[in-house]
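Colleague: In my numbering, the protein residues as written are 166 to 380.
We put the beta carbon where it would ideally sit given N, CA and C, even for glycine.
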Amino acid sequence: MEVILRLPPNQPINYLPGQYIDLIGKGGVRRSYSIANAPRSDGRITLFIKKVKNGEMSYYWFNDAKVNDLLRLEGPLGTFIFREPAPRNIVMLATGTGIAPIKALLEQLDSDADLINNRRIFLIWGNRFEKEFFWKHEFENLDLIYIPVLSQADKHWKGDRGYVQEILIESEIDLKDVAVYACGSEDMINSAKAELAHAGLISHNFHADAFVCSS
Ligand SMILES: Cc1cc2nc3c(=O)[nH]c(=O)nc-3n(C[C@H](O)[C@H](O)[C@H](O)COP(=O)(O)OP(=O)(O)OC[C@H]3O[C@@H](n4cnc5c(N)ncnc54)[C@H](O)[C@@H]3O)c2cc1C
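Set out below in structure tokens:
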């Protein structure tokens, strides 16, 4: 689900692309959500929310939430932000709704020619099934190299198969000259970190945000 939050005009939040907020729902339930857009002039915030079976906050989003509901939030939080100086290759790895902060980072790059700076920018986005690719990239300036990947593809899928970090390791990208920004499940982050380090990625060039469960 895509949710757009409108903030009180006198209380904007000044955040950096890649950061997240904590939303506090009924009964004090608190869940983190990454902001899926770079700061906009109208101050609005987009979230991409996955439906989690038996999830407390998921129940709110997919059953109760109404336009103009009032929510409490805390933020901005987190240090998953673009780092300079950066190598020549920038690789964004995302699984599922982990695309949210990656989209915000890509919007930041798209709007700042100094950040693009002749760099090659890749997005490797993994899902299980093709129908789960719920967002399409459209950038004005960014010449993004986009690689969609499926872990449970059927026989009609013509793209890459497997896990996002495997696709990066098998690619021609020189792991000695790359910064990786990874966002998704804790399992994906842990596997990607270990496998990429083993394949030659310099450890301080791995930046990640794991969607750890709160319960
Ligand atoms: C920094 C950060 C950023 C995050 N950003 C996002 C975001 O942008 N979009 C988003 O959808 N979520 C995001 N999350 C995850 C989110 O905060 C919640 O944990 C998640 O949505 C589940 O909340 P819930 O209340 O619906 O389920 P809960 O009531 O917390 O969990 C219900 C059951 O589902 C299991 N579970 C929890 N999460 C998952 C999952 N992802 N897959 C499978 N089973 C699960 C739990 O272990 C539990 O058994 C982020 C988490 C962190 C830490």
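Per DSSP, which residues does Asp187 bridge with? Please list them.
Modeller: As a position in the sequence shown, residue 187 is number 22, starting the count at 1. For Asp187, which the question treats as bridged, DSSP gives the partners Ser197 and Glu239.
Colleague: Buried or exposed, going by whether 16 or more other CB atoms sit within 10 Å of the CB of Leu235?
Modeller: Here residue 235 refers to the residue found at position 70 of the sequence shown. The residue is exposed, with fewer than 16 neighbouring Cβ atoms inside 10 Å.
Colleague: Which partner residues of Ala373 appear in the DSSP bridge assignment?
Modeller: Position 208 of the sequence shown, counted from the first residue, corresponds to residue 373. As computed with DSSP, Ala373 is found in a beta bridge with Ala347.
Colleague: If you measure from the CB of Asn219, is any heavy atom of ligand 1 nearer than 6 angstroms?
Modeller: As a first step, residue 219 must be located in the sequence shown, where it is residue number 54. Remark: the C-beta of Asn219 is in contact range of ligand 1, defined as less than 6 angstroms to any heavy atom.
Colleague: I'd like to check one pair, Cys348 with Asp374: are the Cβ atoms closer than 7 angstroms?
Modeller: In the sequence shown, counting from the first residue as 1, residue 374 sits at position 209. In the sequence shown, counting from the first residue as 1, residue 348 sits at position 183. In this structure, Cys348 lies closer than 7 angstroms to Asp374 by Cβ.
Colleague: For Phe304, is the beta carbon positioned less than 6 angstroms from some heavy atom of ligand 1?
Modeller: Residue 304 sits at position 139 when you count from the first residue of the sequence shown. Incorrect: Phe304 has no Cβ contact closer than 6 angstroms to ligand 1.
Colleague: Mapping DSSP to helix, strand and coil, what is Leu181?
Modeller: Position 16 of the sequence shown, counted from the first residue, corresponds to residue 181. Reduced to three states, the DSSP call for Leu181 is coil.
Colleague: Looking only at DSSP bridge pairs, what is Asp325 linked to?
Modeller: For the purposes of this step, residue 325 is taken as the residue at position 160 of the sequence shown. Partner(s): Val314.
Colleague: Note down the Cα distance separating Lys268 from Gly192, rounded to an integer number of angstroms.
Modeller: Along the sequence shown, one-based indexing puts residue 268 at 103. Along the sequence shown, one-based indexing puts residue 192 at 27. Whole-angstrom Cα-Cα distance: 31 angstroms.
Colleague: In this structure, does DSSP put Leu307 in helix, strand or coil?
Modeller: Stepping through the sequence shown from its first residue, residue 307 is reached at position 142. Residue state, collapsed to three classes: coil.
Colleague: Would you give the residue range spanned by the beta strand (DSSP E) that Glu167 belongs to?
Modeller: Within the sequence shown, numbered from 1, the residue matching residue 167 stands at position 2. Its beta strand (DSSP E) spans residues Glu167 to Leu170.
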